[in-house]
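Chains as they are written, first to last, in my numbering: chain A, 1 to 170; chain B, 171 to 763; chain C, 764 to 1012.
All C-beta atoms, glycine included, are put in the ideal place defined by N, C-alpha and C.
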Amino acid sequence: MTSPATTARRREVDARIDARVGLVVFLGATAMLFAALLLAYAIVRAQAPAWPPAGAPPFPRGAAAANTLALVAASIALRRGRPRAALAFGAAFLAAQGALWRHLVAIHLGPAAGALGEVFFALSVLHALHVAGGLLALAWAGPARRGLLTLYWDFVLVLWLVVYLAVCVL
Amino acid sequence: MSAGKVAASDEGELPPEPTGFWRRWVFSLDHKVIGRQFLFLGLAFLAVGGLMAMLIRWQLASPGVPVPVVGKLLFGPSGGVISPVAYTALFTMHGTIMIFFAVTPILIGGFGNFCLPLLVGARDMAFPRLNMASFWTMFAATAVLTASFFVPLGPPEAGWTAYATLSTAIGAPGPGQTLWVVAIYLNGASSVMGAVNYITTVLRLRAPGMTYLRLPLTVWGFFLTSILNALFVPVLAAAMVLLFFDRVLGTQFFVAGTTPGAGGDPILYQHLFWLFGHPEVYILILPAWGIVGDLLAFFARKPVFGYRVTVGALVGVVVLSCVVYGHHMFTTGMSPLLGESFMLLTMIISVPTSLIVLSWLGTVWRGAIRFPTPMLFCLGLVFTFGVGGLTGLYLADITADLYLHDTYFVVGHFHLIMAAALLMSLFAATYFWFPKMFGRMMNEPLGKLHFWLTFVPLNVVFFGMLAIGYQGMQRRLYDPSVYDFLKPLLPWNRAVSHAAYLLGAAQLVFVVNFFWSLARGPRAAANPWEVGTLEWTVPSPPPHHNFDRIPIVVRGPHELGHPAARALGRDWLSQTELEGDTPPPRAPTEEPA
Amino acid sequence: MHIELPRDASLDGHLVDGAIGYLTLTTGIVFALALVFLLAALLFHRARAGRTWGRHAHGNRARDRVLMFSVALVMFVAIDVTLALRTTRDLEGRFWRYPDADPAAVRVEVTARQWAWSFRTAGPDGRFGTPDDVVTLNELDIPVGRPIYLKLRALDVVHSLYLPSFRTKIDAIPGATTRAWFQATAPGRFELGCAQHCGVNHYKMRGIVVARAADDYRDWLGRAEADSRLRYDPAASAAAGGWDWETGK
């Protein structure tokens, strides 16, 4: 017969594993969303007469790369047990993305301005929505969720790296 | 091996029950309440979608004739006659509602939610709050969809498939189509939330002793459906996102000009849509296969024939469903190699499917078959799915598909499966689990009447559609008599419509039975069907916490006709009961399990 | 009660009808066998006085599995494999082998729009974009006994050209060019329609295929081409619809 304390502890551990399993399933679903969007990008690119599309201004890679640092910082901050710093870095990323989008529209790389713009916007807007969701989770969740949050933010970072590489570099 | 939680004896105290009306019945965390909420929402939309079907059939049977009773109210501007615009909105919303807002919430949200924790021996889903969120997200989706009826230029008219560029600003300038996109997205979000919950529950919350190979097939159905949901609803989301951007942000993913190479690609939409769309039909049918697999065994009073082969076949279908979607696009001019590959893969999927059907046949063979209402509906499913599945082969073959694509043959095919077989499974599930859900029995003679009044007209309707399509009538035609070669089909369309009206009216028998039994049906015992799965070991309806003590599972879910049960005066053994101290002598007919 | 496919006036339509016929035969046999088996079970193995226990068999023995897999495999080979081989042969040999190199083929550019079909034939000079091109609305005029090679475009949404009497169906997609070919074996007037939901008047997108015997077609083409020369306006070639057949531009 186990004591109530052991039962409660076991239940806590079980619940944590359950939550992790659930999060992994959710991340799998999210990965499929981005896989489909990347597939759309691949098809758009394969069918375009030239890539980057003729007449498109050069993509501001540097600015986009700089935004990546905010996400890296958020993940590191979380690992170091500083959720509020992570929240700040995450919000900074979103603000920086917003600025980048405004800039892109101004230089004719907006969503309505051609294939490169529309692809970047589709991927980055969906990504930003997931960052926003992550911010909500950060604001809401207690310390017990640290492991889950770290996993989520790492995922969001990796996702951004993939998007950046696929659209801005390759 | 079980990965479930600590055994009953170590449970400690049970979670507290909620009090107050709102916590108990509206914002409940209890999977049983949420399941019933999904069920009622879905049934309401099933009625709406069904009425839309009646209107579509009215137009095909009596073109240009005002709709009786409700015509002036619904179609006032056209004098009670269904206009071409109204007709396109009707078939668009009929398809959308039936797939996303009727079958999905009833089968997956309703029965999935109610049954899954009980069947695996858990107190609730892994994430009760996520479960509640999933329902309210679905509810929000229905609100957005309903709103599309009331915006300028009205509801969407691009079909439930919403092909580009008809669904972009080119073909659909109003906000109705945009609202549709949002509603589908929210519906999908609800499904993904459900998938996360169901998958985690099956992986983590099975009772001790509930190995994967002791799971009822119903659980396998919901589990595999959830895997497909998690993987492929996001692909639909991608299609919706890009369509939304095309409509609202001026992107040109799907918007094409007249010159090749300039602008986007409407076929990209079709690829994304059907990458989801084909798994979607398996998402819908897998729970039905699971439920029917179990119920046939229960009512034949013997185990499932070839349980492991069945599970393997279900998994095989899931894997193959990902790579067959191109058979919806054979006429788009795809490369021959691609087309032939899709044809071959689509044909291969008939192998696991036929194994599943063979298992059903083997299950009833040499049984002691009982025929209460749930069993009648299961047999109805076996019949309609048999035909529907076989007609799929016509469409898998490209040569035949060149003629049959986008005719009523396709409509007959998918309705035989999606409407007939699925409907049969919905009713089978309802009659079967009604006692457990509501603590009362449904009326048996009314149930049997409902079955026959449904089964016969249903076959007339959908076999009729196969015949109409065979004779060449295209889909989505407001008035087929525009074509001389379709004029002779008016009597056929009339006959189908009359059968459809009968089918629709017959559902009143179900509605009456359902609500009467809810109020006045005889109280249900814990196990009226005399079967061994876990939900029948608890009272009807179950208490809030499901099980007083988490059960320990010692055998599979279909141990009917088990010799050891004779000593107990019955022909079934529960999943949790031990056989007694001495094993019973091996009877000569007994097969090793 | 008579169920018939539309009249087949095409060279290769019999391949389609043959495939459908084979499917009906084989799936019919399978269904009949399964139904008989099922009904036998329901009749003879229903619960009654002498039969209150079902057979406690799990169907997991080797021979049960062999039985199930054998039946499934036989069905697969008899229906699916046979059809797949036949269809691959038909597609690669006939339907998807286009008469690019055939001088006798009549080339027609098809433009689909909401909600009408226009057809442009090259005229006696055999080249598109010249004064003798014949453009018809909702009417496809063809000679009997020669391959009719269609290339299709759509101006707005996806449509699908459906020629029931020639067992042909091919989508017309905005921004892309699709193609199909068929050959008429008998003169006559045959309906054509749209087989992809394209908006509120999708049901009205009807047309006629007029198949003419060789001299009749020559006469018609001569008259039509004379009309075209009268109407030809080089500035309005875009309005006449059509594109460079070879490059697709």
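The three-state reading of DSSP puts residue 922 of chain C in strand, counting E and B together. Beyond the five residues adjoining it in sequence on each side, residue 905 of chain C comes within less than 8 Å, by CB distance, of 869, 871, 911, 947, 972, 973, 974, 975 and 980 in the same chain, given in chain order. For the stretch 934-960 of chain C, residues whose beta-carbon sits nearer than 9 Å to a beta-carbon of chain B comprise 934, 936, 937, 938, 939, 940, 941, 942, 943, 953, 954, 956, 957, 958, 959 and 960. One finds nothing in chain B with a Cβ atom closer than 7 Å to the Cβ of residue 999 of chain C; even the nearest lies about 16 Å away.
The distance from the Cβ of residue 464 of chain B to that of residue 572 of chain B is about 40 Å, inconsistent with a contact at the 8 Å cut-off.
From the listed residues B/457, B/507 and B/289, the smallest Cα separation to residue 485 of chain B is found for B/457. DSSP places residue 971 of chain C in the uninterrupted beta strand (DSSP E) bounded by 970-975. From the listed residues B/536, B/513, B/343 and B/708, the smallest Cα separation to residue 810 of chain C is found for B/536. One finds nothing in chain A with a Cβ atom closer than 7 Å to the Cβ of residue 664 of chain B; even the nearest lies about 44 Å away. Interface criterion met: the Cβ of residue 793 of chain C is under 9 Å from a Cβ in chain B. For the stretch 653-685 of chain B, the beta-carbon criterion of a distance under 7 Å to any beta-carbon of chain C is satisfied by 653, 654 and 655.
The alpha carbon of residue 375 of chain B has as its nearest neighbour, out of B/290, B/575, B/644 and B/548, the alpha carbon of B/290. The Cβ of residue 401 of chain B sits closer than 9 Å to at least one Cβ of chain A.
Listed as beta-bridge partners of residue 539 of chain B by DSSP are C/809. Residue 944 of chain C is bridged by DSSP to C/912. Nearest Cα to residue 727 of chain B within the set B/320, B/210, B/436 and B/466: B/466. Distances from the alpha-carbon of residue 672 of chain B to those of B/204, B/327, B/220 and B/212 put B/220 closest. Taking 9 Å as the CB threshold, residue 422 of chain B lines the interface with chain A. Ranked by Cα distance from residue 681 of chain B, the first of B/204, B/216 and B/193 is B/216.
Listed in chain order, the non-local C-beta contacts of residue 275 of chain B below 8 Å within the same chain comprise 208, 209, 211, 212, 215 and 308, local neighbours out to five positions each way being set aside. Counting along the chain, residue 346 of chain B sits inside no beta strand (DSSP E); it lies in the alpha helix (DSSP H) bounded by residues 345-374. Residue-level contact check: residue 83 of chain A does not touch chain B, since none of the beta carbons of chain B fall below 9 Å from its beta carbon.
Using a Cβ-Cβ distance cut-off of 8 Å, the stretch 536-551 of chain B and the stretch 497-512 of chain B are not in contact, since fewer than three pairs of beta carbons, one from each stretch, lie closer than that value. With the rule of 3 Cβ pairs closer than 8 Å, the stretch 352-366 of chain B does not count as touching the stretch 235-253 of chain B. As computed with DSSP, residue 897 of chain C is found in a beta bridge with C/884. For residue 121 of chain A, the nearest CB of chain B lies under 9 Å from its own CB, placing it at the interface with that chain. Nearest to residue 354 of chain B by alpha-carbon distance, out of B/403, B/254, B/384 and B/636, is B/403. DSSP places residue 12 of chain A inside the alpha helix (DSSP H), whose first and last residues are 4-47. Per DSSP, residue 618 of chain B is one residue of the alpha helix (DSSP H) stretching across 614-640.
Proximity of the stretch 814-822 of chain C to the stretch 720-736 of chain B meets the contact definition, three or more beta-carbon pairs being nearer than 8 Å. Interface annotation for the stretch 533-549 of chain B against chain C: 533, 534, 535, 536, 537, 538, 539, 540, 541 and 549, criterion Cβ-Cβ distance under 9 Å. In this chain, the alpha helix (DSSP H) harbouring residue 285 of chain B covers 283-290. Selection B/622, B/614, B/532 and B/415 evaluated against residue 827 of chain C yields B/532 as nearest (Cα-Cα). For residue 742 of chain B, the beta-bridge partners assigned by DSSP are B/730. As DSSP reads the structure, residue 874 of chain C sits in a beta bridge with C/881 and C/916. Contact check for residue 965 of chain C and residue 646 of chain B: beta-carbon distance about 6 Å, within the 8 Å limit, so the pair qualifies.
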